[in-house]
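One structure is given below, encoded as structure tokens.
There are 2 protein chains.
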Amino acid sequence: MAHHRNRRVILKTRATGLPVPELFDMVEDDAPEPGDGEVLINNIYVSADPGMKGWISTAKNYASVETGATMNSFGVGVVVESRNPDIAEGDYIVGRTGWQEYSIVAPEQGGFRKVDPADGPLSASLGVLGHSAITAYFGLLDVGRPNAGETVLVSTAAGSVGSAVGQFANIKGCRTVGIAGGPEKAALCREVFGYDVAIDYKATDDLAAALQEACPEGIDVYYDNVGGDTLDTVLGLMNQNGRVVICGTAATEAWVPPPTGLRFERHVLVNRLRIQGFILFDYQDRYEDALADIRQWFKEGKLNYREDIAEGLENAPAALAGLYEGRNRGRQLIRVRPDPTLS
Amino acid sequence: MAHHRNRRVILKTRATGLPVPELFDMVEDDAPEPGDGEVLINNIYVSADPGMKGWISTAKNYASVETGATMNSFGVGVVVESRNPDIAEGDYIVGRTGWQEYSIVAPEQGGFRKVDPADGPLSASLGVLGHSAITAYFGLLDVGRPNAGETVLVSTAAGSVGSAVGQFANIKGCRTVGIAGGPEKAALCREVFGYDVAIDYKATDDLAAALQEACPEGIDVYYDNVGGDTLDTVLGLMNQNGRVVICGTAATEAWVPPPTGLRFERHVLVNRLRIQGFILFDYQDRYEDALADIRQWFKEGKLNYREDIAEGLENAPAALAGLYEGRNRGRQLIRVRPDPTLS
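The listed protein sequences correspond, in order, to chains A and B. So the first sequence is numbered by the numbering used here: it starts at 67 and just counts up by one. So the second sequence is numbered by the numbering used here: it starts at 67 and just counts up by one.
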């Protein structure tokens, strides 16, 4: 059995605000040995996700990372050692790898799945063919439940989740309106991701008026990745029986001390709204159902995507920080080693 | 055809805050004649409902009353003239009568139904055998969907809707916790309405701590009639996959200018909450389903209730104002004329 030195990024200090590179540290030690049923993978790409803000914060979260532990993340790697009869060396595996070069994974772990490089680029298995799209799929279709002809509004509409939401909503026959930050992202929404209208929120000082113009028949589903003032504004524009999918809270920098906003319950009552949160991990048993649809739409050329790939594990913390400044230009990944599927 | 002089309470001025008697005026004119299919009823009881705050406010509402119009309300009356072959003089009818002595009603109107005095007191047809209980029924069972063993928290727990929610939740095998204002109402919750625990919110300066003590296993369903600070506090104590039923917003006096509170979306996301509003009127097609269960439980002695009956139409505005001061001691009704079913 070969020994592998393993560089990994650990969480040094939990965050009270937005993630900054100083919260992390790089360490190097020996990669662990896989146990029975487990495999060791050499990671090729790992991800930086907006939700990580919550994972490393001092507040309660569904996926908290302890200080001193390897930073959690999704990743895709190639099997270098297998102690599982169903998995061969050379197989490609997506899992919750963490920000490190080598990870132990096993089929019974959340998010584990084999990837066939014939389905699309390996990097896409972490985005438009992976959990970004799966998040969008369940959030939109299972929680938001849009009907054809309804208006679906999406925040961070050019992001990896948002752009998938918009495209899925188009596939379902909805009118799609995106909110994005800056002219470049708004143009991406319109020209690449197929939104009927895109609003550059940085270029308007009256978001409510812009939304009313963009949504002449009101808003039936709001797929919300940001919360905050934008959510407050949208809640006043929802149609009767509207649904608000809470997928992220990117607009709020810190939850301690508790931030304030407009009271919301009157909108919920008068317009019979449903505001519902969800966590991708709760849908693990149904990932393959989602992926079957997603792969099909991808093959049919209905799903565009953009990636922004940082080079080297040491740049993962900066890539993460960049997400909250809107610096990324697509699904933010970190290349840990050369991608063997690219010639 | 007899002519009937009709005294009625009209809305003089729309409210920007809580309802006060000065917003209303009493007028007298001839009762209208029923048209084909319609009946004229002589009202016996009409209701004062917490939701009326919204109906008469300047803000958008699902049941707005125009200035100069008769105040909307529920009521029960006896048929004095019928132009409908299915309805006889002397029948008792519940409908949206408004605050007046005589009303024209018809079966196709919302809320219309015949009442059999053998089912219970006529006044109860506007409360525990009527729309208070129907509201509680659909809000709890259709929106909140509690499972046996779960903890159900109710605000204005001793009110006509709240007390029905608590008793329905008990029937469904839930642990029930009520929030009420004052020792008398808290005692009612425990001793008459069967709550496992009742919290007098006026007697605590740390509602969160009181709730944590009362709900050692967290809160699965919050049936909310008040909103405001109480809602903010409860949202931080909800269990994973918890449901918040928005039935009323009694705690907020005015919505103009827009009031503020704690941001809520992080709780919704992290705990996968569902916050959902509903309006009784949307369930009109299913009232009889609800009433079948409710009448059965009433017969079995499982539904206690309290009424507070003001004498005379002229006292309706004051009775309404009293609701928001917590002055009522049960379902607030107004007796318009003597109840012929009482000897």
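Ideal Cβ positions, reconstructed from N, Cα and C, are used throughout, including at glycine.
Mind listing the chain B neighbours of A/Lys-126? Cutoff is C-beta to C-beta under 8 Å, in chain order. Taking the beta carbon of A/Lys-126 as reference, the chain B residues within 8 Å of it are Val-336, listed in sequence order.
Mark B/Arg-41 as exposed unless 16 or more other C-beta atoms lie within 10 angstroms of its C-beta, in which case mark it buried. For residue 41 of chain B there is no data in the structure shown, the boundaries of chain B being 67 and 409.
Buried or exposed: A/Gln-175, going by 16 or more other Cβ atoms within 10 Å of its Cβ? Using a 10 angstroms sphere on the CB of A/Gln-175, the tally of other CB atoms stays under 16, which defines it as exposed.
Could you confirm whether any beta carbon from chain A is found closer than 7 Å to the beta carbon of B/Phe-344? Cβ-Cβ to chain A under 7 Å: yes for B/Phe-344.
With a threshold of 7 Å between beta carbons, is B/Leu-84 in contact with chain A? At least 7 Å separates the CB of B/Leu-84 from every CB of chain A.
From A/Asp-182 to A/Tyr-158, what does the alpha carbon distance come to, in whole angstroms? If I take the Cα positions, the gap works out to 7 Å.
Residues of the region 193 to 213 of chain B in Cβ contact with chain E at a cutoff of 8 Å, in chain order, please. Although the question refers to chain E, the structure presented lacks it and instead comprises the protein chains A and B.
Backbone CA spacing between B/Thr-163 and B/Asn-109 [nearest angstrom]: Annotation: B/Thr-163 to B/Asn-109 spans about 8 Å, alpha carbon to alpha carbon.
Below 8 Å, how does it come out for the region 139 to 149 of chain A and the region 99 to 108 of chain A: are there three or more Cβ pairs, yes or no? By the Cβ rule, the region 139 to 149 of chain A counts as touching the region 99 to 108 of chain A, because three or more pairs are nearer than 8 Å.
In its own chain, which residues sit with a C-beta less than 8 Å from the C-beta of B/Ile-237, not counting the 5 before and 5 after it? Excluding positions up to five away in sequence, the list reads Trp-363 and Lys-368.
Got a sec, what are the start and stop residues for the beta strand (DSSP E) A/Ala-125 sits in? For A/Ala-125, there is no enclosing beta strand (DSSP E), as DSSP gives it neither H nor E.
So the candidates are B/Tyr-168, B/Leu-106 and B/Ser-229; which of them puts its Cα closest to the Cα of B/Leu-254? It is B/Ser-229.
Using a Cβ-Cβ cut-off of 7 Å, state whether B/Trp-321 counts as contacting chain A. Output row for B/Trp-321: interface = yes.
Taking the alpha-carbon positions, what's the A/Glu-391 to A/Asp-286 distance? When rounded, the distance between both Cα atoms is 29 Å.
Quick one, which of A/Arg-329, A/Arg-340 and A/Thr-79 has its alpha-carbon nearest A/Thr-124's? In terms of CA proximity to A/Thr-124, A/Thr-79 leads the group A/Arg-329, A/Arg-340 and A/Thr-79.
What are the residues of the region 300 to 315 of chain B that lie near chain A, defined by any Cβ-Cβ distance shorter than 8 Å? So the close ones are Ile-312, Cys-313, Gly-314 and Thr-315.
Work out the CA separation of B/Met-137 and B/Gly-388 for me, nearest whole Å. Rounded to the nearest whole angstrom, the C-alpha separation of B/Gly-388 and B/Met-137 is 17 Å.
Tell whether a beta-carbon distance below 7 Å holds between A/Ser-191 and A/Val-142. Less than 7 Å divides the Cβ of A/Ser-191 from the Cβ of A/Val-142.
Can you name the start and end residues of the alpha helix (DSSP H) that B/Phe-234 belongs to? It spans 226 to 237 - the alpha helix (DSSP H) in which B/Phe-234 sits, taken as one unbroken run.
Among A/Lys-126, A/Met-304, A/Gln-350 and A/Ala-384, the one whose alpha carbon lies nearest that of A/Phe-204: Taking only the C-alpha atoms, the option nearest A/Phe-204 is A/Gln-350.
Given that A/Thr-136 touches chain B, what residues does it touch there, using C-beta distances under 8 Å? Listed along the chain, the chain B residues whose CB falls inside 8 Å of the CB of A/Thr-136 amount to none; the nearest CB is some 22 Å away.
What's the gap between the Cα of A/Gly-177 and the Cα of A/Ile-265? Each residue's alpha carbon lies about 34 Å from the other.
Assign A/Gln-278 to one of three DSSP states: helix, strand, or coil. In the structure shown, A/Gln-278 falls within a helical segment according to DSSP collapsed to helix, strand and coil.
Positions along the region 96 to 114 of chain B whose CB lies within less than 8 Å of some CB in chain A: Taking 8 Å as the upper bound on Cβ-Cβ separation, chain A lies near no residue of the region 96 to 114 of chain B.
Do A/Trp-121 and A/Val-131 count as a contact pair if the criterion is CB distance below 7 Å? Taking 7 Å as the cut-off, the Cβ atoms of A/Val-131 and A/Trp-121 count as close.
Buried or exposed (CB count within 10 angstroms, at least 16 for buried), B/Leu-408: Label assigned to B/Leu-408: exposed.
Which residues share a DSSP beta bridge with A/Met-118? According to DSSP, which records beta bridges pairwise, A/Met-118 is partnered with nothing at all.
In three-state DSSP terms, what is A/Glu-94? When DSSP states are grouped into helix, strand and coil, A/Glu-94 belongs to the strand group.
What are the residues in the region 345 to 356 of chain A lying within 8 Å of chain B by C-beta distance? Hits within the stretch, in order: Ile-345 and Asp-348.
Any beta carbon from chain B within less than 7 Å of A/Pro-324's own beta carbon? Chain B, which has a Cβ nearer than 7 Å to the Cβ of A/Pro-324, makes this yes.
Sequence-distant residues of its chain with Cβ nearer than 7 Å to A/Asp-95 (five each side left out): The answer, listed in chain order, is Asn-72.
For chain A, check one thing: does any of its Cβ atoms lie closer than 7 Å to the Cβ of B/Leu-389? At a cut-off of 7 Å between C-beta atoms, B/Leu-389 does not count as an interface residue with respect to chain A.
Using the Cβ count rule (16 or more neighbours within 10 Å means buried), how would you classify A/Asn-307? That one is exposed.
Name the chain A residues whose beta carbon is nearer than 7 Å to that of B/Phe-330? What B/Phe-330 touches in chain A: Phe-330.
In three-state terms, what does DSSP make of B/Val-112? In the three-state reduction of the DSSP assignment, B/Val-112 falls in the strand class, which pools E and B.
Sort A/Arg-352, A/Gly-248 and A/Leu-328 by Cα distance to A/Asp-298 and report the nearest one. Answer by Cα proximity: A/Leu-328.
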